[in-house]
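Protein chains in written order, with the numbering used here: chain S, 1 to 420; chain Y, 421 to 795; chain P, 796 to 1031. Idealized CB from N, CA, C, for every residue including glycine.
Pasting the structure below:
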């Protein structure tokens, strides 16, 4: 037997069968499998009279699997609970169960785009996925396909710009919101403050600083005395801390996203005996992982921002919201342990917010859904802190743009109304 | 690393210009077979995008993107034997050049040329330094590329859009063509990818390919033959970088978005895995590597999205255990199994020993007839 | 006529001085031997010529100073090195290995003729022409290594310990072929060989190295006669 002969023949057979496939498939019409333009008011894909399917692409493996898994668990638990109660009553009078179809994108934009492609014809809307690049990768495709990309977990302001992103809406506060919240609190202080700023030299750091500056602009009692940056790849910020300490500022606005750098910055400042009030972003202000190792008790105040109740906190141990949430998360969310990431709580709130939109949408269409989604005002979702709320009608803002400034109390955080 | 371009040659539908005449294969010498089969394949590929679903077209286009990236890796690693862990950097660089060029409104032809040129020059410069070091040092230098590339892309936000990345939707189907965008994109991938594959095929079959194989086989002997290992390592690395750049262009055609995560180090390892799984030192293996890279995450997602990493690892081990030569060796393994079961004990030994069929990546004169042994 | 001349060549591996002033001159035909005990610097001298070690002193090939050139540049000038340990391409067939040897050549016809010549020179290879090099015996691999060097159509062949690890009869076969090559091809040869008896079957003249220094040079006949030297340096 001649092997050479055999493989040639195989190529031939493959080609012939490809052609045969062509001929038979041609009869089936050439736009097979493509979502055509549906008639006015006809149901969109992914929704029937008794169920609606939502899609999520999020990292379920790799370095960001922890928060990514939470983004699925919360919303799955929320609707698992609702489905068990019979489903959600939609604005068109139908009661539907809500199914979730989640795919892993490993925080890879390419895979996220591929996941979107494979989900878009089967789901009514995409939601809750984590990550800026992974959501940006298919944002324009979603606009072109008119598929909602609703309540996603990214602080990127692009998704909250109605003009640019008509089918999108971010859920969590953008970086600017966080900086702004702290700036507002500081500006309302009755005393004079000298502020030192250290920020990461990218859009993350720039966003915080922009928000902060816009809030303190025109406040006579605030003076920014020194402003430095560092690179996300730097292994030490000791030089910057030393220089900032020399400014003798009494408030330190520290927009930093790298955990070990925050810890070493806290320690370095203590060594220099520079003890300002200290602001940290929500993602690098964990009491257990950062503040305690950094010896944060030495500072007069460590401030951060939040909008969700922390289930671990003793203050909320008896809270009804928290108890419902934790039991649903274990029962329906396939997440038996106490959540290690706030994304679980956020995802739960996404579920509640989606329910609000579902209850208002009058037709089973994506258009009607987006309209309903964009008209939620001042909705106090479960697990939200007093003073924060979901408001989707404001252009340029994500669904949650209000934050409470909190102060570290040695074990957790307490909401504060005024500075000092 | 076992490699097998030699044996993959027959399945590659390029003109077998220099194939030695074999008395046993008059069939394939008939003109209609020699030219008809490749022609049919081309026709098949030309028609395929029209009849497949949008999602199948998307998948096929992504396979094309990563098959080209794996092909580039194969040039430096499979054929020349130099460990490169930086191939994804050149894909990312190509993607950024494309995105930046498109956003700046440059002519698309110019963008494509730059997408080839810039990664090739960067690859050349890196190789000039790294190839002198030799051995594991090359691997170390290439590791640094994606590790430096990601923060660099975040920092140079003026060009790269920082961590928010760059979008460029520049490949809409032309008006009046009646094509859908996904069909048009797939055609672009098929044409550009096809040309890259064909050129690479001729490269590794030709004089340069032979030099690559000699350098891979034994650097000292290469030197004693008058072949500078340094020069050919640099050449292979540069070509791999150029091909990586082209795959970056195709990436933008298909994904239309790039961010620092595009070139994260993990993907470089995944490309390497895809190359080994597909078949190192093999053109067809590169294609299969692309299939593996793209299809496996989709499959594992379909099985259980929360276990993708585990399932992929298990699949990787399974393939390497059953087919150490990669997927490209599957037909041969099956044939061998069939032969073994059909020829009972005591009958003549198979005409070729296993070691003689798992050739090196050498592109010496085709000697298929010799390899058929004395059967 | 002198084809290759070494003048006071020194070389070291790190702190260890291996060549300590080697001088020799190789004529443009026939075979020249480098003899000496283990560790005398024979192999290093070949590696110095082929550019594989850094040296000081002068190495002149055909009137051109080649010290400091890379191995591939030296090879391109027509010096083919058959290193100790052979180093063939195990995955390639014998024929493919021979073609590899002709890599830099463009004359297709001449290549085919030279392949035929090599197979005539080493009939064992003729029998194994389709085998992978890795399947060859040690003697056959040595023959292949020499044949591959011939395929590059060199002006000078550097042969390093061609008898190493071979059975005496096989070693004799190899050297018979080398002698025939010397007589027929006009390729100049530098032969490094620890087995002096074998070496004297091919070399016309030779130099004896002792601890990195050439201590004695003469024709085969002269050297063969010096019993003391033979005992001291050539192992009898």
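According to DSSP, residue i sits in a beta bridge with which residue or residues?
| i | result |
| --- | --- |
| residue 201 of chain S | Note: residue 201 of chain S sits in no beta bridge, so no partner. |
| residue 404 of chain S | S/306 |
| residue 856 of chain P | P/799, P/859 |
| residue 586 of chain Y | Y/678 |
| residue 874 of chain P | P/951 |
| residue 822 of chain P | P/797 |
| residue 102 of chain S | S/56 |
| residue 808 of chain P | P/811 |
| residue 96 of chain S | S/88 |
| residue 1014 of chain P | P/1000 |
| residue 510 of chain Y | BP columns for residue 510 of chain Y are empty, so no partner. |
| residue 438 of chain S | This structure leaves residue 438 of chain S out entirely; chain S is present only between 1 and 420. |
| residue 472 of chain Y | Looking at the DSSP assignment, residue 472 of chain Y forms no beta bridge with any residue, so it has no partner. |
| residue 222 of chain S | S/193 |
| residue 228 of chain S | S/198 |
Should residue i be labelled buried (16 or more other beta-carbon atoms within 10 Å of its own) or exposed?
| i | result |
| --- | --- |
| residue 42 of chain S | exposed |
| residue 945 of chain P | buried |
| residue 48 of chain S | exposed |
| residue 421 of chain S | In the structure as shown, chain S begins at 1 and stops at 420. Residue 421 of chain S is therefore absent and cannot be evaluated. |
| residue 649 of chain Y | buried |
| residue 592 of chain Y | exposed |
| residue 413 of chain S | buried |
| residue 369 of chain Y | The requested residue 369 of chain Y does not occur in the structure, where chain Y is confined to residues 421 to 795. |
| residue 808 of chain P | exposed |
| residue 529 of chain Y | exposed |
| residue 631 of chain Y | buried |
| residue 888 of chain P | buried |
| residue 821 of chain P | buried |
| residue 719 of chain Y | exposed |
| residue 527 of chain Y | exposed |
| residue 308 of chain S | buried |
Would you report the Cα separation of residue i and residue j, rounded to the nearest angstrom?
| i | j | result |
| --- | --- | --- |
| residue 962 of chain P | residue 977 of chain P | 22 Å |
| residue 848 of chain P | residue 1009 of chain P | 18 Å |
| residue 503 of chain Y | residue 931 of chain P | 29 Å |
| residue 656 of chain Y | residue 575 of chain Y | 30 Å |
| residue 998 of chain P | residue 509 of chain Y | 56 Å |
| residue 223 of chain S | residue 583 of chain Y | 30 Å |
| residue 59 of chain S | residue 261 of chain S | 25 Å |
| residue 890 of chain P | residue 937 of chain P | 15 Å |
| residue 515 of chain Y | residue 700 of chain Y | 25 Å |
| residue 282 of chain S | residue 481 of chain Y | 40 Å |
| residue 210 of chain S | residue 399 of chain S | 20 Å |
| residue 519 of chain Y | residue 123 of chain S | 30 Å |
| alpha helix (DSSP H) segments (min. 4 residues) lying fully within the segment 905 to 941 of chain P | Secondary structure in the segment 905 to 941 of chain P: the alpha helix (DSSP H) runs of 4 residues or longer, each lying completely within the stretch, are 918 to 922 in chain order.
| task | Please specify which runs of the alpha helix (DSSP H), each continuous and at least 4 residues long, are wholly inside the segment 105 to 171 of chain S, giving them in chain order. | result | Listed in chain order, they are 109 to 119, 132 to 136, 139 to 145.
| request: At 4 residues or longer, and completely inside the segment 255 to 302 of chain S: list those alpha helix (DSSP H) runs for me, N to C. | output: 259 to 271
| query | Mind listing which residues of the segment 855 to 885 of chain P have their C-beta closer than 7 Å to chain Y's C-betas, in chain order? | reply | So the list reads 865, 866, 867, 870, 871, 875, 876, 878, 882, 884, given in the order they occur along the chain.
| request: Only counting runs of 3 or more residues, tell me where the beta strand (DSSP E) segments fall wholly within the segment 679 to 714 of chain Y, in order along the chain. | output: none
| request: Closer than 9 Å, Cβ to Cβ, to anything on chain Y: give me those residues from the segment 115 to 134 of chain S, in chain order. | output: 115, 117, 118, 120, 121, 131, 132, 133, 134
| request: Name, going along the chain, the residues of the segment 796 to 824 of chain P whose beta-carbon falls closer than 9 Å to a beta-carbon of chain Y. | output: none
| task | Could you tell me which uninterrupted beta strand (DSSP E) segments, each at least 3 residues in length, are contained entirely in the segment 729 to 757 of chain Y, listed from first to last along the chain? | result | none
| When Cβ atoms are compared, which residues of the segment 199 to 232 of chain S fall closer than 9 Å to chain Y? | 201, 202, 203, 204, 206, 231, 232
| field | Short-range partners of chain S found in the segment 572 to 596 of chain Y, where Cβ spacing is below 8 Å | value | 574, 575, 577, 582, 583, 584, 585, 587, 589
| What residue ranges within the segment 624 to 656 of chain Y form continuous beta strand (DSSP E) runs of no fewer than 3 residues, ordered along the chain? | none
| query | Which runs of the alpha helix (DSSP H), 4 residues or longer, sit entirely within the segment 948 to 993 of chain P? | reply | Listed in chain order, they are 963 to 980.
| request: May I ask you to list, following chain order, the residues of the segment 609 to 632 of chain Y that have a beta carbon less than 9 Å from some beta carbon of chain P? | output: Correct list: 627, 630, 631.
| message | Against chain S, which members of the segment 647 to 675 of chain Y pass a CB distance test of less than 8 Å? | response | 671, 675
| request: Could you name the residues of the segment 890 to 915 of chain P whose beta carbon sits closer than 7 Å to any beta carbon of chain Y, in the order they occur along the chain? | output: 890, 891, 894, 895, 896, 898, 899
| said: What ranges does the alpha helix (DSSP H) occupy inside the segment 337 to 370 of chain S, keeping only unbroken runs of at least 4 residues that lie completely in it? | reply: 343 to 360
| If contact means a Cβ-Cβ distance below 8 Å, which residues of the segment 944 to 967 of chain P contact chain Y? | Those would be 944, 947, in chain order.
| message | Beta carbons nearer than 8 Å to chain P: which residues of the segment 634 to 645 of chain Y have them? | response | 634, 637, 638, 640, 641, 642, 643, 644, 645
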